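Just so we're on the same page, our numbering is the position in the sequence shown counted from 1, plus 2. Every residue, glycine too, gets a C-beta built ideally from N, C-alpha and C. The structure displayed is predicted, hence computed values, not measured ones.
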Amino acid sequence: MTKPILTRTAFDASRQFIEQQGRPLEIARFHYAFNGASADSVVTALKEFQNPDGGFGHGLEPDLRTNDSSALCTSIAFQVLRSINGTSDHELVSGAISYLLKTLDQKEWHWPIIPKSAQQSPHAPWWDQSEDEEPESFSLNPTAEILGYLYDYQHLVPATIISHVSERVMGALSPANEIEMHDLLCCLRLMKTKTLPNELRKQIRQALTQQLDGTIEQDPAKWEGYCLRPLQVIDAPDSPFMAGMEDAVAANLAYEIATQRKDGAWLPTWSWGDMFPDAWQQAHQDWSGVITIEKLLVLKQFGCIEGISQPT
3 MTKPILTRTA FDASRQFIEQ QGRPLEIARF HYAFNGASAD SVVTALKEFQ
53 NPDGGFGHGL EPDLRTNDSS ALCTSIAFQV LRSINGTSDH ELVSGAISYL
103 LKTLDQKEWH WPIIPKSAQQ SPHAPWWDQS EDEEPESFSL NPTAEILGYL
153 YDYQHLVPAT IISHVSERVM GALSPANEIE MHDLLCCLRL MKTKTLPNEL
203 RKQIRQALTQ QLDGTIEQDP AKWEGYCLRP LQVIDAPDSP FMAGMEDAVA
253 ANLAYEIATQ RKDGAWLPTW SWGDMFPDAW QQAHQDWSGV ITIEKLLVLK
303 QFGCIEGISQ PT
């Protein structure tokens with residue numbers, strides 16, 4: 003199958019969209035990835051989402067508009083740092099790790115994904131907590147992902163905490179437990195942690211391999227809806243999950259290029275329904291910038307952008 007290519011004209015349209023419609027963070031990420039801008043510019047933009055307690059909020063995850071810190075937004079901040087090969091000597095990192103250590107539920111050995119206070123601010127329907135009176139039970143989302151960041155910055159974390167959280171995560175990854183798509187994505191980020199012990203990585207890979215067939219949507223007709231597309235799991239040619247998925251990945255690359263809008267954007271496939279319409283309008287714009295930069299980054303990984311070389 004011929005490799006699909008995003009034309010230079012289409013790429014330039016995406017650049018213009020991000021620069022005109024994106025948040026400063028997405029603009030900085032674009033210029034870091036494609037124009038050789040410094041990682042510091044991304045860190046500076048990310049810093050705007052950090053609170054005095056070290057955690058991140060302020061709509062970093064656009065569906066959650068509260069300014070208050072959350073494990074969800076803090077995990078996304080670490081995703082951004084990892085994408086620019088962030089180092090641990092920045093106060094932004096030490097503050098975020100401190101926040102995570104303070105908010106860890108040491109009974110369940112997990113992080114509640116969002117704070118109760120988020121209910122007071124505009125939010126997507128799935129973040130509604132108006133009828134949520136039960137204590138939050140253990141979830142791999144975002145705890146598995148956060149475990150990876152604890153390994154990345156383990157010189158800032160007590161070894162006993164890493165041990166307890168690791169045990170809890172691996173217990174939840176039992177083959178008997180069917181995994182949900184967001185949980186799977188968090189486990190993938192954990193598996194990609196370079197500082198993860200090899201034995202742990204091997205166990206995670208084995209567990210996820212058994213789950214992928216039932217979690218990845220391979221039917222292109224269903225990709226316009228909210229689902230886990232192949233490229234969300236196999237986001238680079240050297241992915242350990244590529245074997246047997248080559249055709250699905252090639253079809254997904256072609257689909258992403260074909261569904262780019264004329265203005266250069268890719269848009270969210272979900273909405274808030276009739277909840278907080280004004281806030282959703284802003285969230286939709288924020289998401290469009292986030293999604294557009296993410297599409298460009300994965301197309302770059304596969305060498306599918308005209309005139310832009312594939313990373314080595």
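Three-way DSSP call (helix, strand, coil) for Ile116 in this model: DSSP places Ile116 in coil when its eight states are reduced to three.
Would you kindly check if the distance between the Cβ of Ser71 and the Cβ of Tyr101 is under 8 Å? Closer than 8 Å, so yes.
Apart from the five residues on each side of it in sequence, which residues of its chain come closer than 7 Å, Cβ to Cβ, to Gly59? Phe51, Asn53, Thr68, Asn69, Asp70, Ser71, Ser72 and Cys75.
Alpha helix (DSSP H) runs contained entirely in the region 235-312, provided each spans 4 or more residues: Restricted to the region 235-312, the alpha helix (DSSP H) segments that are unbroken, complete and at least 4 residues in length are 248-260 and 279-303, listed in chain order.
With H, G and I counted as helix, E and B as strand and the rest as coil, what does DSSP make of His125? Note: His125 maps to strand in three-state DSSP.
Going by other Cβ atoms of all chains shown within 10 Å of its Cβ, with 16 needed for buried, is Trp113 buried or exposed? Looking at its Cβ environment, which holds 16 or more other Cβ atoms inside 10 Å, Trp113 is buried.
Contacts around Gln287, its chain only, beta-carbon distance under 8 Å, and the 5 residues preceding and following it disregarded: Answer for Gln287: Gln23, listed in chain order.
Leaving out five residues on either side along the sequence, give the residues of the same chain with a beta carbon under 7 Å from the beta carbon of Ile218. Sequence-distant Cβ neighbours of Ile218 in its own chain, meaning closer than 7 Å and more than five residues away, are Leu230, Pro232 and Val235.
Contact check, Glu28 vs Ile295 under 8 Å by CB: the rounded distance? Confirmed, Cβ separation roughly 5 Å.
Could you tell me which uninterrupted alpha helix (DSSP H) segments, each at least 4 residues in length, are contained entirely in the region 13-67, listed from first to last along the chain? Taking only runs of at least 4 residues, the alpha helix (DSSP H) segments lying wholly in the region 13-67 are 26-37 and 41-49.
To the nearest angstrom, report how far apart Pro170 and Asn179 are at their CA atoms. Going by the sequence as given, residue 170 is Arg instead of Pro. When only Cα atoms are considered, Arg170 and Asn179 end up about 13 Å apart.
Within 10 angstroms of the Cβ of Pro117, are there 16 or more other Cβ atoms? Answer buried if so, exposed if not. Of the residues assessed, Pro117 falls on the buried side of the cut-off, its CB having 16 or more other CB atoms within 10 angstroms.
Is the distance from the Cβ of Gly309 to the Cβ of Arg10 below 8 Å? Cβ atoms of Gly309 and Arg10: closer than 8 Å.
When you compare only the Cα positions, how much space is there between Leu269 and Thr162? C-alpha of Leu269 to C-alpha of Thr162: approximately 42 Å in a straight line.
May I ask which residues mark the beginning and end of the alpha helix (DSSP H) holding Met81? In the sequence as presented, Met is not what sits at residue 81; that position holds Gln. Ala73 to Ser85 is the extent of the alpha helix (DSSP H) around Gln81.
CA nearest to the CA of Ser123, picked from Ser241, Pro64 and Lys297: Comparing Cα-Cα distances from Ser123 to each of Ser241, Pro64 and Lys297, the minimum goes to Pro64.
If we call anything under 8 Å between Cβ atoms a contact, is Phe19 one with Gly266? For Phe19 and Gly266, yes; Cβs fall inside 8 Å.
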